[in-house]
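**Q**
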Amino acid sequence: NLQSTCSTLQSLRPIILRKKIIASISIKTSTAPVIMQLCIAQLLLLVLLLPTDTYAVRTSAVELKRMNFFKRPLNHFGAVLFQRHVDNSLSFAQNWTSYVNGFGDPSGNYWIGLEQLSAMTKDRSCKFIFEGVRLNGSLMSATFRGFQVRGADENYRLILLGPMEPGGDLYHGIAGYHNGSQFSTIDVDNDGSRKYTCSRGRGQGGWWFNNCAYFNPNAPIFSQAQLGRVECWDFCSALGRRWVCLNETRLSFKCS
567 NLQSTCSTLQ
577 SLRPIILRKK
587 IIASISIKTS
597 TAPVIMQLCI
607 AQLLLLVLLL
617 PTDTYAVRTS
627 AVELKRMNFF
637 KRPLNHFGAV
647 LFQRHVDNSL
657 SFAQNWTSYV
667 NGFGDPSGNY
677 WIGLEQLSAM
687 TKDRSCKFIF
697 EGVRLNGSLM
707 SATFRGFQVR
717 GADENYRLIL
727 LGPMEPGGDL
737 YHGIAGYHNG
747 SQFSTIDVDN
757 DGSRKYTCSR
767 GRGQGGWWFN
777 NCAYFNPNAP
787 IFSQAQLGRV
797 ECWDFCSALG
807 RRWVCLNETR
817 LSFKCS
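To convert, note that position 26 of the sequence shown is 592 in the numbering used here; the numbers rise steadily by one, no gaps.
(1) Taking the DSSP output, what are the residues bridged to S750?
(2) Pick out whichever of R723, R766, T663, S747 has its Cα sitting closest to the Cα of G679.
(3) Between the Cα of P786 and the Cα atoms of G644, F658, V646, which residue gives the shortest distance?
(4) Do the region 706-724 and the region 681-691 make contact, defined as three or more Cβ pairs closer than 8 Å?
(5) Please list the segments of the alpha helix (DSSP H) lying wholly inside the region 672-738, counting only runs of 4 or more residues, in order along the chain.
(6) Does the region 644-658 come into contact with the region 668-678, if we say contact requires no fewer than three beta-carbon pairs (one atom in each stretch) closer than 8 Å?
(7) Mind checking whether S747 and L724 have CB atoms under 8 Å apart?
(8) Can you grab the Cα-Cα spacing for the pair V652 / N782, in whole Å?
(9) Given this structure, state the Cα-to-Cα distance separating G668 from G772, to the nearest angstrom.
(10) Within 10 Å of its beta-carbon, does G703 have 16 or more other beta-carbons around it, so buried, or fewer, so exposed?
(11) According to DSSP, what are the bridge partners of C821?
(12) Go through its chain and collect everything with a Cβ distance to C692's Cβ below 6 Å, but skip five positions before and after it.
(13) Rounded to the nearest angstrom, how far is the Cβ of N784 from that of D757, given a contact under 8 Å?
(14) Could you tell me whether the Cβ atoms of Y665 and F749 are closer together than 8 Å?
(15) Tell me, please, which residues DSSP counts as bridged to F669.
(16) For V810, which option in Y737, F775, W774 has the closest C-alpha, if you only look at C-alpha atoms?
(17) Give me, in chain order, the residues of the same chain whose beta-carbon lies closer than 8 Å to that of S839; leave out the 5 immediate sequence neighbours on both sides.
(18) Closest to P729 by C-alpha separation, out of E720, G717, G742, N654, would be which residue?
(19) Do I752 and N661 come within 8 Å of each other at the CB atom, strictly closer than that value?
(20) Nearest by alpha-carbon distance to D719: which of H744, E731, E681, L812 is it?
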């Protein structure tokens, strides 16, 4: 039952803290008293914050929504998904409060929230993982060797170091241009442009704009028919400027 499950998990806490283990937990929470839900939530959170990618937490989406504490889904890398943009059914033209708190659903369009992102990365050594799908269906991916999001007192400033893979010239511009930028939204302008509100002019999504962006995955997704009259997402590299249009992005991080 839930009481014994909770007691068992508590007894395993020292082991979980000492070792990299696989924790597979499937718990019926719909009938759980509030105190049991809190116990389960705290223990799952402990597992999620372990410096390892050798864990898995399994429970149903309905149960997770009901518990309302779990906004840290795992993608197939074993990393934490913080952004997914698959279509325009949910607008990313959200205000500052929405970007701080998070919105959407990880099975579709999703933003985890700046506050959680900062809490999980600002004091840890993390890698940033980019995955994209071009309009022709081909895949793009890169892992960046450093990723942190600072606190609210710095407007969630981004720390992003260069790509780890050889031949990653296409992505050097992303790190170099956006590293050190503060977060901006349509209603809060912290970008590096003196004459321009980047969020409003570049699709109205929130992002770590400089002046303004080489990479803007929260802008609206463009169809093939629109490419002649709107700007695609811009990857600028040492090899020169290249426009790469995507119809899906997925951003995640992995900490050690």
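Ideal placement from N, C-alpha and C gives every residue a C-beta, glycine not left out.
Here the structure is a predicted model, which means the values were calculated and not measured.
**A** In short:
(1) What you label residue 750 is simply residue 184 of the sequence shown in a count that begins at 1. Paired residue(s): W773.
(2) Walking along the sequence shown from the start, residue 679 turns up at place 113. That would be T663, whose Cα lies nearest to the Cα of G679.
(3) As a working note, residue 786 is residue 220 in the sequence shown. Per the Cα distances, F658.
(4) Verdict: yes, contact present.
(5) Note on the region 672-738: whole alpha helix (DSSP H) runs with a minimum of 4 residues are 680-687, in chain order.
(6) Because the criterion of three Cβ pairs below 8 Å is met, the region 644-658 and the region 668-678 touch.
(7) The sequence position of residue 747 within the sequence shown is 181, counting from 1. The sequence position of residue 724 within the sequence shown is 158, counting from 1. Yes, the pair counts as a contact, with Cβ atoms nearer than the cut-off.
(8) In the sequence shown, the residue the question calls residue 652 occupies position 86. In the sequence shown, the residue the question calls residue 782 occupies position 216. C-alpha separation (whole angstroms): 14 Å.
(9) Against the sequence shown, residue 668 aligns to sequence position 102. Against the sequence shown, residue 772 aligns to sequence position 206. Their backbone Cα atoms lie some 11 Å apart in a straight line.
(10) Locating residue 703 in the sequence shown gives position 137, where the first residue counts as 1. Counting Cβ neighbours within 10 Å, G703 comes out exposed, since fewer than 16 surround it.
(11) The sequence position of residue 821 within the sequence shown is 255, counting from 1. C821 has C692 as its beta-bridge partners, per DSSP.
(12) Numbered from 1 along the sequence shown, position 126 holds the residue referred to as residue 692. Correct list, in chain order: F713, F819, C821.
(13) Reading the sequence shown from its first residue, position 218 is the one you call residue 784. Reading the sequence shown from its first residue, position 191 is the one you call residue 757. Rounded, the Cβ-Cβ distance is 14 Å, inconsistent with contact.
(14) Your numbering for residue 665 matches position 99 in the sequence shown. Your numbering for residue 749 matches position 183 in the sequence shown. Result yes, Cβ atoms of Y665 and F749 sit closer than 8 Å.
(15) Along the sequence shown, one-based indexing puts residue 669 at 103. According to DSSP, which records beta bridges pairwise, F669 is partnered with W677.
(16) Translated into positions along the sequence shown, residue 810 becomes position 244. For V810, the nearest C-alpha among the options comes from Y737.
(17) One cannot answer for residue 839 here, as it falls past the ends of the chain, which runs 567 to 822.
(18) In the sequence shown, the residue the question calls residue 729 occupies position 163. If we check each option's Cα against that of P729, G742 comes out closest.
(19) As a first step, residue 661 is located in the sequence shown; it is residue number 95 there, counting from the start. As a first step, residue 752 is located in the sequence shown; it is residue number 186 there, counting from the start. Going by C-beta atoms, N661 is nearer than 8 Å to I752.
(20) On the sequence shown, residue 719 is found 153 positions in, with the first residue counted as 1. Closest option to D719, Cα to Cα, is E681.
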